[in-house]
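There are 2 protein chains.
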Amino acid sequence: MSAQPSLADDAAGTEAAMLDIGRRARAAARRLALASTAQKNAALTAMAQAIRTRSRAICEANAEDIAEARREGMTPAFIDRLALDPARVEAMAAGIEMVRDLADPVGKVMDAWDRPNGLRIERVRVPLGVIGVIYESRPNVTADAAALCLKSGNAAILRGGSDSFRSSRAIHQAISSGLDAAGLPSAAISLVPTRDRAAVGLMLQGLEGAIDVIIPRGGKSLVARVQDEARVPVFAHLDGNCHVYVHGAASLAMARDIVLNAKMRRTSVCGAAETLLVDEACAGTHLRPLVAALLDAGCEVRGDSLARIVDPRVKPASEEDWGTEFGDAIIAVKVVSGLGDAIAHVERYGSHHTDAIVTNDQAAADRFMAEVDSAIVLHNASTQFADGGEFGFGAEIGIATGRMHARGPVGVEQLTSFKYRVRGTGQTRP
Amino acid sequence: MSAQPSLADDAAGTEAAMLDIGRRARAAARRLALASTAQKNAALTAMAQAIRTRSRAICEANAEDIAEARREGMTPAFIDRLALDPARVEAMAAGIEMVRDLADPVGKVMDAWDRPNGLRIERVRVPLGVIGVIYESRPNVTADAAALCLKSGNAAILRGGSDSFRSSRAIHQAISSGLDAAGLPSAAISLVPTRDRAAVGLMLQGLEGAIDVIIPRGGKSLVARVQDEARVPVFAHLDGNCHVYVHGAASLAMARDIVLNAKMRRTSVCGAAETLLVDEACAGTHLRPLVAALLDAGCEVRGDSLARIVDPRVKPASEEDWGTEFGDAIIAVKVVSGLGDAIAHVERYGSHHTDAIVTNDQAAADRFMAEVDSAIVLHNASTQFADGGEFGFGAEIGIATGRMHARGPVGVEQLTSFKYRVRGTGQTRP
Numbered sequence: 093m094s095a096q097p098s099l100a101d102d103a104a105g106t107e108a109a110m111l112d113i114g115r116r117a118r119a120a121a122r123r124l125a126l127a128s129t130a131q132k133n134a135a136l137t138a139m140a141q142a143i144r145t146r147s148r149a150i151c152e153a154n155a156e157d158i159a160e161a162r163r164e165g166m167t168p169a170f171i172d173r174l175a176l177d178p179a180r181v182e183a184m185a186a187g188i189e190m191v192r193d194l195a196d197p198v199g200k201v202m203d204a205w206d207r208p209n210g211l212r213i214e215r216v217r218v219p220l221g222v223i224g225v226i227y228e229s230r231p232n233v234t235a236d237a238a239a240l241c242l243k244s245g246n247a248a249i250l251r252g253g254s255d256s257f258r259s260s261r262a263i264h265q266a267i268s269s270g271l272d273a274a275g276l277p278s279a280a281i282s283l284v285p286t287r288d289r290a291a292v293g294l295m296l297q298g299l300e301g302a303i304d305v306i307i308p309r310g311g312k313s314l315v316a317r318v319q320d321e322a323r324v325p326v327f328a329h330l331d332g333n334c335h336v337y338v339h340g341a342a343s344l345a346m347a348r349d350i351v352l353n354a355k356m357r358r359t360s361v362c363g364a365a366e367t368l369l370v371d372e373a374c375a376g377t378h379l380r381p382l383v384a385a386l387l388d389a390g391c392e393v394r395g396d397s398l399a400r401i402v403d404p405r406v407k408p409a410s411e412e413d414w415g416t417e418f419g420d421a422i423i424a425v426k427v428v429s430g431l432g433d434a435i436a437h438v439e440r441y442g443s444h445h446t447d448a449i450v451t452n453d454q455a456a457a458d459r460f461m462a463e464v465d466s467a468i469v470l471h472n473a474s475t476q477f478a479d480g481g482e483f484g485f486g487a488e489i490g491i492a493t494g495r496m497h498a499r500g501p502v503g504v505e506q507l508t509s510f511k512y513r514v515r516g517t518g519q520t521r522p
Numbered sequence: 093m094s095a096q097p098s099l100a101d102d103a104a105g106t107e108a109a110m111l112d113i114g115r116r117a118r119a120a121a122r123r124l125a126l127a128s129t130a131q132k133n134a135a136l137t138a139m140a141q142a143i144r145t146r147s148r149a150i151c152e153a154n155a156e157d158i159a160e161a162r163r164e165g166m167t168p169a170f171i172d173r174l175a176l177d178p179a180r181v182e183a184m185a186a187g188i189e190m191v192r193d194l195a196d197p198v199g200k201v202m203d204a205w206d207r208p209n210g211l212r213i214e215r216v217r218v219p220l221g222v223i224g225v226i227y228e229s230r231p232n233v234t235a236d237a238a239a240l241c242l243k244s245g246n247a248a249i250l251r252g253g254s255d256s257f258r259s260s261r262a263i264h265q266a267i268s269s270g271l272d273a274a275g276l277p278s279a280a281i282s283l284v285p286t287r288d289r290a291a292v293g294l295m296l297q298g299l300e301g302a303i304d305v306i307i308p309r310g311g312k313s314l315v316a317r318v319q320d321e322a323r324v325p326v327f328a329h330l331d332g333n334c335h336v337y338v339h340g341a342a343s344l345a346m347a348r349d350i351v352l353n354a355k356m357r358r359t360s361v362c363g364a365a366e367t368l369l370v371d372e373a374c375a376g377t378h379l380r381p382l383v384a385a386l387l388d389a390g391c392e393v394r395g396d397s398l399a400r401i402v403d404p405r406v407k408p409a410s411e412e413d414w415g416t417e418f419g420d421a422i423i424a425v426k427v428v429s430g431l432g433d434a435i436a437h438v439e440r441y442g443s444h445h446t447d448a449i450v451t452n453d454q455a456a457a458d459r460f461m462a463e464v465d466s467a468i469v470l471h472n473a474s475t476q477f478a479d480g481g482e483f484g485f486g487a488e489i490g491i492a493t494g495r496m497h498a499r500g501p502v503g504v505e506q507l508t509s510f511k512y513r514v515r516g517t518g519q520t521r522p
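Now the structure itself:
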């Protein structure tokens, strides 16, 4: 039934098959790097169409995954992440078309300059090569990651969660048929055809140089394992422990809107605020209404002694709470003695992801944005804008907190490298 | 005598001391990241001055290193790399002033755009953090690396070769006094105060997160060890196996100038050509004079059967020669059947460093430059232009062939990361 090779069950069989996938992906990457925008777009169009055409088969495969997950007693939240229906399948197809319609980053001249000796130097975007994506139960990652990697001219090796194995395989069959239809090699987007967990370890070793970068998509334990074991570069963030600091010169109305949005719009996203810092200069007027607004919106508040004084519903915050990404309707609240104290708190407990200051004092904002060493720093805006779509990147495969290469939202441009093109007229070096 | 702490001789002592250096470098990096251009420049000026003032002490320390190297029977070439004299010390000081006079990359706005909701997003350069530099016998690397790291706002941990230990320590004392004079922490530029080789292994592990990137400066075995063992990102190239391809539509005069320069200007630099590919379309007219010019210039030529026919002085090339960086006056010469064959040869045997095509056919040049996947590709210019100074970067700490972050010459801009600054007026995310 499947176009995928089946794997022997032994470790040597898995390793041989994975190395073969790596070699074929590397060869496909060379072809993709030179594919025209039109050819890549044709493949993306055909992929989206194939996903629509195969919607029923994809949902049937998904039903088998869900039945197994139910037998294994998975939680309703887990089942919901795993579940597909015709509307979700259509959203996947539309997502591929959205990526198709982004500007092609490959070949774009990033900089160009002339040297006194007449040499013309250009820095031009090229694909990274082969991207390994390791994810968990959400089957739509198969389509999203495939589209972003292909648009940016990269080959991809996708390793989905065991729980969504049948769903991902059905989606991958549609992707392969789209590549075929556009005359691109099916090895451009490979799905690891086994649930054997050893495949992940092999990917983290780089498949003998075949993988250029690994992107984990999933929970903290997955990201931690990938960051710990990978011998190739990783684009990821382990924690999104984001802060909103309400400075002494903040408007209460603006602070309330931003804090509520940063915490409560969606509590599970990595850009959700986890700690509210209120400056003692405005705590007398701002602390009580901010805490009340959060509580009234259904948020649990864990506060320091001052926050507990202003509202009896506030629970005591532990030392651990300051460093925790709750991922839920819970926030830690602390009164700080000023801008320096706020910055020191963010540096000590934060995760260098996204942090915001609310203030009408431009100098205070400038200092916060200079000194807080996070991928994204905001002034008078919600931390929930930490998102490739909101940045205008069209789509993202994740957010990175490392300092190398990709930092912040990882969209198609961040999935590229560059090369220098130098044009001369016979120049030799003296 | 030395301002450096001495290290206990046991492994636990080395580890504790190295972790302490890492922690102090990390703290210094935060101060350096916020240091003004004027303050960094004042430190660089004071460093250069201190090197001049201490020239005699530096040369005396160097004499001790040289005496030891002689006792140990080191080669004259090794002694020359190690040796300092007043002119070389002055060149070090002048090099620091040259780096001082480069534009400060930190704080530069790389991109800025407005979103429909009124958010203003800026991408701004920030330092990488702490850079570990591992090098061999050339003591001037101590000054060069210190200057480039400081100019780009980074702290540095320098680990010089055992053979130049006393020289590097004397140079480092001058650097420390320059930092002091400018009010910057001396931990901003640390020199590992031990010859214990275990210190290198500890740096490659990242000193518990204190090192953001490692840059090896030295021979192939050093680079190979660093690339193999490092658990943090590495900016380096293992090989510089560079090619010049003389296309069928090349001018003979231009090809001869470029080939001679690419091979013979300096044979030991990483951008020196190691293989000459001549297209069979012009071999009848171009092969003999190109080979003769190389031989007449004192270059050993190892050729395929056609190259051996045109000149009896040509030795046979082995399979291994195509993949070898000779680093000497030796070149491998091969006749290829066309552009595709040339590109395939470069991809099979090259090191993705720097490769050049000589041709008057623009379409052929464009195809070569698109398909050859090297950090630098040149048209009608010598491969010896692979150099940060020649690119206009002012100075370089090396050339990288990895695809992540820094590719090609690594100058002060490549020693930076970036952050996103987002300015709003109270925006929340719908």
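The listed protein sequences correspond, in order, to chains S and Z.
If you're matching positions, the first sequence starts at 93 in the numbering used here and goes up one per residue.
If you're matching positions, the second sequence starts at 93 in the numbering used here and goes up one per residue.
The beta-carbon is built from N, C-alpha and C at its ideal position, and this holds for glycine as well.
Fair warning: this is a prediction, and the values are worked out from it, not measured in the lab.
Which residue's Cα is closest to the Cα of Z/Arg-368: Z/Trp-414, Z/Glu-189 and Z/Arg-405? The sequence given here has Leu at residue 368 of chain Z, not Arg. Cα-wise, what sits closest to Z/Leu-368 is Z/Trp-414.
Residues from the stretch 499-522 of chain S in contact with chain Z, defined by Cβ distance under 7 Å: Here the close residues are Arg-499, Gly-500, Ser-509, Phe-510, Lys-511, Tyr-512, Arg-513, Val-514, Arg-515, Gly-516, Thr-517, Gly-518, Gln-519, Thr-520 and Arg-521.
How about Z/Pro-325: is its C-beta nearer than 9 Å to some C-beta of chain S? Yes, Z/Pro-325 counts as interfacial toward chain S.
Thinking C-alpha only, which one of S/Val-198, S/Ser-147, S/Arg-144 and S/Asp-177 is nearest S/Leu-507? By alpha-carbon distance to S/Leu-507, the top candidate from S/Val-198, S/Ser-147, S/Arg-144 and S/Asp-177 is S/Val-198.
For S/Ser-466, tell me which candidate among S/Ala-316, S/Asp-331, S/Asp-172 and S/Ser-244 has the shortest Cα-Cα distance. Nearest C-alpha to S/Ser-466: S/Asp-331.
Residues from the stretch 338-360 of chain S in contact with chain Z, defined by Cβ distance under 7 Å: Hits within the stretch, in order: Met-346, Asp-349, Ile-350, Asn-353 and Arg-357.
Continuous alpha helix (DSSP H) stretch holding S/Ile-422: start and end: That residue, S/Ile-422, is in no alpha helix (DSSP H); its beta strand (DSSP E) goes 422-428.
Here's the rule I'm using: 16 or more other beta-carbon atoms within 10 Å means buried, otherwise exposed. How should Z/Arg-192 be labelled? Counting Cβ neighbours within 10 Å, Z/Arg-192 comes out buried, since at least 16 surround it.
So what's S/Asn-472 in DSSP terms, helix, strand or just coil? Residue state, collapsed to three classes: strand.
Taking S/Ala-354 and S/Ala-457 to be in contact with their CB atoms under 8 Å, please state how far apart those CB atoms are, rounded to whole angstroms. That belief does not hold up - the Cβ atoms of S/Ala-354 and S/Ala-457 are roughly 16 Å apart, past 8 Å.
Are S/Leu-271 and S/Met-139 close, meaning C-beta to C-beta below 9 Å? Yes, these two residues count as a Cβ contact at 9 Å.
Contacting residues, own chain, Cβ-Cβ under 8 Å from S/Ile-307 (five flanking each side not counted): Spatial neighbours of S/Ile-307 in its own chain (CB-CB distance under 8 Å, excluding positions within 5 residues in sequence) are listed in chain order as Ile-223, Gly-224, Val-225, Ile-226, Ala-237, Val-326, Phe-327, Ala-328, Ile-489, Gly-490 and Val-502.
What residues in the stretch 481-493 of chain Z have a beta carbon less than 8 Å from any beta carbon of chain S? Residues Glu-482, Phe-483 and Gly-484.
For S/Ile-188, report the span of its beta strand (DSSP E) as first-last. For S/Ile-188, there is no enclosing beta strand (DSSP E); the enclosing alpha helix (DSSP H) has its first and last residue at 178-192.
Residues in its own chain within less than 6 Å of S/Val-114 by CB, not counting five upstream and five downstream? Position check: residue 114 of chain S holds Gly in this sequence, whereas Val was assumed. Its chain contains Leu-299 and Ala-302 as the residues whose beta carbon lies nearer than 6 Å to that of S/Gly-114, once the 5 sequence neighbours on both sides are disregarded; these appear in chain order.
Beta-carbon of Z/Glu-463 versus every beta-carbon of chain S: anything under 9 Å? Interface residue, yes.
Would you kindly check if the distance between the Cβ of S/Ala-322 and the Cβ of S/Leu-296 is under 9 Å? Yes, they are a contact pair.
Which residues in the same chain as Z/Phe-483 place their Cβ atom closer than 7 Å to its Cβ, once the five residues preceding and following it in sequence are excluded? Excluding sequence neighbours, Z/Phe-483 sits near Pro-501.
Neighbour flag for S/His-437 against chain Z, beta carbons, 9 Å: Output row for S/His-437: interface = no.
Expected contact under 8 Å - CB spacing of Z/Ala-119 and Z/Ala-291 to nearest Å: That belief does not hold up - the Cβ atoms of Z/Ala-119 and Z/Ala-291 are roughly 20 Å apart, past 8 Å.
Would you check if there are 3 or more beta carbon pairs closer than 8 Å linking the stretch 157-173 of chain S to the stretch 211-220 of chain S? Counting Cβ pairs under 8 Å, fewer than three are found: no touch.
Since S/Thr-517 and S/Gly-210 should fall inside the 8 Å C-beta cutoff, what is the C-beta to C-beta distance between them, to a whole number of angstroms? About 6 Å; that satisfies the 8 Å criterion.
What does DSSP give as the partner residues of S/Asp-203 in its beta bridges? In the DSSP output, where bridge partners are listed per residue, S/Asp-203 has S/Arg-215.
Can you have a look at Z/Ala-103 and say buried or exposed, based on whether 16 or more other CB atoms are within 10 angstroms of its CB? By the 10 Å Cβ count, Z/Ala-103 comes out exposed.
Consult DSSP for Z/Leu-330 and reduce its assignment to one of helix, strand or coil. Note: Z/Leu-330 maps to coil in three-state DSSP.
Output the distance between the C-alpha atoms of S/Leu-379 and S/Ala-434, rounded to the nearest integer angstrom. Near 15 Å, if we compare the C-alpha coordinates of S/Ala-434 and S/Leu-379.
Which residues, in order along the stretch 302-321 of chain Z, keep a beta-carbon less than 8 Å from a beta-carbon of chain S? The residues in question are Asp-304 and Val-305.
Could you check the C-alpha separation between Z/Ala-262 and Z/Ser-360 for me, to the nearest Å? Cα-Cα distance, rounded: 28 Å.
Just to confirm the assignment, what range does the alpha helix (DSSP H) spanning S/Val-233 have? Looking at the DSSP string, the run of the alpha helix (DSSP H) that includes S/Val-233 is 232-243.
Chain S beta carbons: is any one of them nearer than 9 Å to that of Z/Phe-477? Interface residue, yes.
Identify which residue in Z/Glu-156, Z/Leu-352 and Z/Asn-452 has its Cα closest to the Cα of Z/Leu-386. When only C-alpha atoms are compared, the closest one is Z/Leu-352.
Looking only at its chain, what residues have a beta carbon closer than 7 Å to the beta carbon of S/Ser-344, apart from the 5 residues adjacent to it on each side? It should be noted that the sequence gives Leu, not Ser, for residue 344 of chain S. Correct list, in chain order: Thr-377, His-378 and Pro-381.
Could you tell me which chain S residues have their CB closer than 8 Å to the CB of Z/Ala-456, listed as they occur along the chain? Listed along chain S is no residue with a C-beta nearer than 8 Å to that of Z/Ala-456; the closest approach is about 13 Å.
Among Z/Gly-275, Z/Ile-401 and Z/Ala-409, which has the Cα closest to the Cα of Z/Glu-392? Nearest option by C-alpha distance: Z/Ala-409.
Please report whether the beta-carbon of S/Trp-414 lies at a distance below 9 Å from any beta-carbon of chain Z. Look at S/Trp-414: its C-beta is not under 9 Å from any C-beta on chain Z.
Please state whether the Cβ-Cβ distance between Z/Ala-274 and Z/Gln-141 is less than 9 Å. Not in contact: Z/Ala-274 and Z/Gln-141 (Cβ atoms no closer than 9 Å).
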